[in-house]
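My numbering applies: residue 1 is where the sequence shown begins, and numbers increase by one. Right, one structure below, let's go through it.
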Amino acid sequence: MDKTIYAGEWKLMEKLWDEAPQTLMQLVHTLSAEVGWSKSTVATMVRRMEAKGLLRFEDGGKARYIWPAVTRADAVAAETDGLVDKAFRGRPGLLMASLIEQNEFSPEEIDELYALLRKAEEARNA
Numbered sequence: 001m002d003k004t005i006y007a008g009e010w011k012l013m014e015k016l017w018d019e020a021p022q023t024l025m026q027l028v029h030t031l032s033a034e035v036g037w038s039k040s041t042v043a044t045m046v047r048r049m050e051a052k053g054l055l056r057f058e059d060g061g062k063a064r065y066i067w068p069a070v071t072r073a074d075a076v077a078a079e080t081d082g083l084v085d086k087a088f089r090g091r092p093g094l095l096m097a098s099l100i101e102q103n104e105f106s107p108e109e110i111d112e113l114y115a116l117l118r119k120a121e122e123a124r125n126a
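Shown next as structure tokens:
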């Protein structure tokens with residue numbers, strides 16, 4: 001089954017990663033207000049995402065509670081790996097170069113990047 005998380009699904013997953021569990025009606029209320037989705041749109045998306053293994057349910061009396069079945073970190077890692085493979089020929093350095101060339105970084109962000117590079121170098125040399 002395709003576990004790719006598409007743009008609309010990211011919106012729903014973000015709501016669950018921020019606060020889980022939620023009922024279908026809680027998601028409908030939030031997503032209706034934020035992006036204008038109807039109850040049927042949210043319900044259809046939830047069913048499809050459950051079939052993909054992205055969501056799981058627990059019975060809670062009158063309502064079923066919806067939980068994310070994947071962590072945000074795992075989803076971001078998979079998305080990043082896919083982007084690196086597809087757009088940068090599997091070379092993460094090319095992604096980093098692209099980001100650096102196309103963005104302005106604050107001094108704090110530059111310090112964070114240097115720290116990450118030093119950590120990667122230490123791990124490689126260990």
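Glycine included, C-beta positions come from ideal geometry on N, C-alpha and C.
Which of the three DSSP states is assigned to residue i in this structure?
i	result
Pro-68	strand
Ala-20	coil
Leu-154	For the chain, the structure presents residues 1 to 126; residue 154 sits outside this window and is missing.
Glu-104	coil
Ser-38	coil
Ala-126	coil
Thr-4	coil
Looking only at DSSP bridge pairs, what is residue i linked to?
i	result
Gly-93	Gly-93 is not bridged to any residue.
Gly-60	Ala-63
In angstroms with no decimal places, state the Cα-to-Cα distance between residue i and residue j.
i	j	result
Ser-40	Ala-73	29 angstroms
Glu-9	Val-84	21 angstroms
Gly-90	Lys-52	25 angstroms
Val-146	Arg-64	Limits of the chain in this structure are 1 at one end and 126 at the other, which puts residue 146 out of reach.
Val-70	Met-49	11 angstroms
Glu-109	Leu-31	32 angstroms
Phe-105	Met-96	12 angstroms
Leu-12	Leu-27	8 angstroms
Lys-62	Ser-38	21 angstroms
Leu-113	Asp-59	44 angstroms
Asn-103	Arg-118	21 angstroms
Val-42	Ala-123	44 angstroms
Report yes or no: do three or more beta-carbon pairs, one from the stretch 15-31 and one from the stretch 45-62, lie closer than 8 angstroms? yes
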